[in-house]
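*Asks:* Residue 47 in the numbering used here sits at position 37 of the sequence shown, with consecutive numbering throughout.
All C-beta atoms, glycine included, are put in the ideal place defined by N, C-alpha and C.
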Amino acid sequence: MRSVRFAVVQLLRFAWLEARCCAFAVAMFAGLALSTVVSLPVPRYDALLLYGLLVTLVFWLVGLETTREIAVVAVFHLIGLAFELVKVRLGSWAYPEPALTKIGGVPLYSGFLYAAVGSYGCQAWRLLRLRVSFYRPVATALVAAAIYVNFVTHHWLPDLRWPLAATLVAVTWRAWVHFTVGPRRYRLPLSLSFMLVGFFLWVAENVATFFGAWRYPDQAVVWRLVHPSKFGAWALLVSVAFVVVATWQARRGRLRPDPADLPSRIRPAGDQEGGAPPERLAA
Numbered sequence: 011m012r013s014v015r016f017a018v019v020q021l022l023r024f025a026w027l028e029a030r031c032c033a034f035a036v037a038m039f040a041g042l043a044l045s046t047v048v049s050l051p052v053p054r055y056d057a058l059l060l061y062g063l064l065v066t067l068v069f070w071l072v073g074l075e076t077t078r079e080i081a082v083v084a085v086f087h088l089i090g091l092a093f094e095l096v097k098v099r100l101g102s103w104a105y106p107e108p109a110l111t112k113i114g115g116v117p118l119y120s121g122f123l124y125a126a127v128g129s130y131g132c133q134a135w136r137l138l139r140l141r142v143s144f145y146r147p148v149a150t151a152l153v154a155a156a157i158y159v160n161f162v163t164h165h166w167l168p169d170l171r172w173p174l175a176a177t178l179v180a181v182t183w184r185a186w187v188h189f190t191v192g193p194r195r196y197r198l199p200l201s202l203s204f205m206l207v208g209f210f211l212w213v214a215e216n217v218a219t220f221f222g223a224w225r226y227p228d229q230a231v232v233w234r235l236v237h238p239s240k241f242g243a244w245a246l247l248v249s250v251a252f253v254v255v256a257t258w259q260a261r262r263g264r265l266r267p268d269p270a271d272l273p274s275r276i277r278p279a280g281d282q283e284g285g286a287p288p289e290r291l292a293a
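#1: Can at least three beta-carbon pairs, one atom from the stretch 251 to 264 and one from the stretch 121 to 133, be found at a separation below 8 angstroms?
#2: Does the beta-carbon distance from LEU137 to ARG30 come in below 8 angstroms?
#3: Just confirm the distance between the C-beta atoms of TYR196 and PHE189, as a whole number of angstroms; I'd bet it's less than 8 angstroms.
#4: Rounded to whole angstroms, what's the CA-CA distance from VAL4 to GLY208? Just pull it up for me.
#5: Since PHE221 contacts LEU59 with CB under 8 angstroms, what's their CB separation in whole angstroms?
#6: Leaving aside the five residues before and after VAL191 along the sequence, list all residues of the same chain whose C-beta is less than 8 angstroms from its C-beta, in chain order.
#7: Would you kindly work out how many angstroms separate the C-alpha atoms of SER102 and ILE157, rounded to a whole number?
#8: Does DSSP put HIS188 in a helix, a strand or coil?
#9: Applying the 10 Å Cβ sphere with the 16-neighbour rule, what's the burial state of PHE122?
#10: The alpha helix (DSSP H) spanning PRO267 covers which residue range?
#11: Helix, strand or coil for SER102? Go by DSSP, reduced to three states.
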């Protein structure tokens with residue numbers, strides 16, 4: 011019973027940490043929901059852009075996001091807008107409502123939806139004390155870049171989604187994400203973490219389209235569940251987000267794990283004794 015209680019407490023701790031990591035995304039979804047029921051003096055997409063800027067400012071003022079984290083989140087905003095400009099032009103999805111702040115059919119507020127992913131990555135790295143072992147930065151970045159490009163070029167060239175997915179698994183085969191919940195240190199295969207985050211992004215996408223953040227062609231008349239294949243797409247695109255955040259964290263010296271995170275057989279000789287208790291290495 012003691013171990014069961016501890017497991018429940020750890021699960022609740024993890025849920026609370028994840029909720030804090032998703033604070034920016036939750037704020038944006040709250041704005042989306044409210045914008046569907048509140049009478050606005052300006053077009054909804056324009057109001058959401060102002061709302062996103064206000065949320066960013068508030069998060070910075072109260073210390074939920076640091077200046078450097080805001081800069082990283084801004085990079086996600088720009089990457090997302092570039093992606094949106096191409097995909098909307100190709101008819102992958104649409105923003106049917108009018109707005110003054112639309113460029114090429116894409117409202118500028120849409121970048122905040124990608125910024126929410128970047129905010130989650132930054133917050134998770136800090137709150138969960140993320141570190142990555144056996145990570146191949148160059149190989150993973152090259153595959154992530156190819157994944158990003160393929161989501162555009164597959165409209166004209168063969169879709170390499172499955173070969174790229176296999177390559178991503180190969181280059182991250184031995185990579186582990188280490189994270190802290192309460193008194194324990196855990197680890198998870200990096201490729202599995204991509205899948206888990208991708209699934210929850212697919213769930214979030216269903217919520218966003220339900221509130222009219224954008225529309226897929228089959229949702230033009232009535233809302234439908236986003237096709238499950240989008241789950242796989244998000245799992246791949248998460249690698250792009252991870253590479254951006256990991257590159258920034260590497261510059262700050264916060265990428266590689268502490269010696270205590272590693273199994274004893276590959277721990278540096280000076281760390282063989284006096285290391286972390288076995289539970290800190292729980293997988």
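*Replies:* Let's see:
#1: yes
#2: In the sequence shown, counting from the first residue as 1, residue 137 sits at position 127. In the sequence shown, counting from the first residue as 1, residue 30 sits at position 20. Yes, the pair counts as a contact, with Cβ atoms nearer than the cut-off.
#3: Taking the sequence shown and counting its residues from 1, the one referred to as residue 196 is at position 186. Taking the sequence shown and counting its residues from 1, the one referred to as residue 189 is at position 179. Contact flag correct, Cβ pair sits at about 6 angstroms.
#4: With the chain covering only 11 through 293, there is no way to say anything about residue 4.
#5: Along the sequence shown, one-based indexing puts residue 221 at 211. Along the sequence shown, one-based indexing puts residue 59 at 49. 16 angstroms between Cβ atoms; not a contact.
#6: The residue you call residue 191 lines up with position 181 of the sequence shown. Here the set comprises GLN20, ARG23, PHE24, LEU27 and LEU138.
#7: As a working mapping, residue 102 is identified with position 92 in the sequence shown. As a working mapping, residue 157 is identified with position 147 in the sequence shown. Straight-line Cα distance between these residues: approximately 17 angstroms.
#8: For the purposes of this step, residue 188 is taken as the residue at position 178 of the sequence shown. The answer is strand: DSSP assigns HIS188 an E or B state.
#9: Looking up residue 122 in the sequence shown gives position 112. The residue is buried, with at least 16 neighbouring Cβ atoms inside 10 Å.
#10: The residue labelled residue 267 in the question sits at position 257 within the sequence shown. That residue, PRO267, is in no alpha helix (DSSP H); it is neither H nor E in DSSP.
#11: Counting from 1 along the sequence shown, the entry for residue 102 is found at position 92. Coil, per DSSP.
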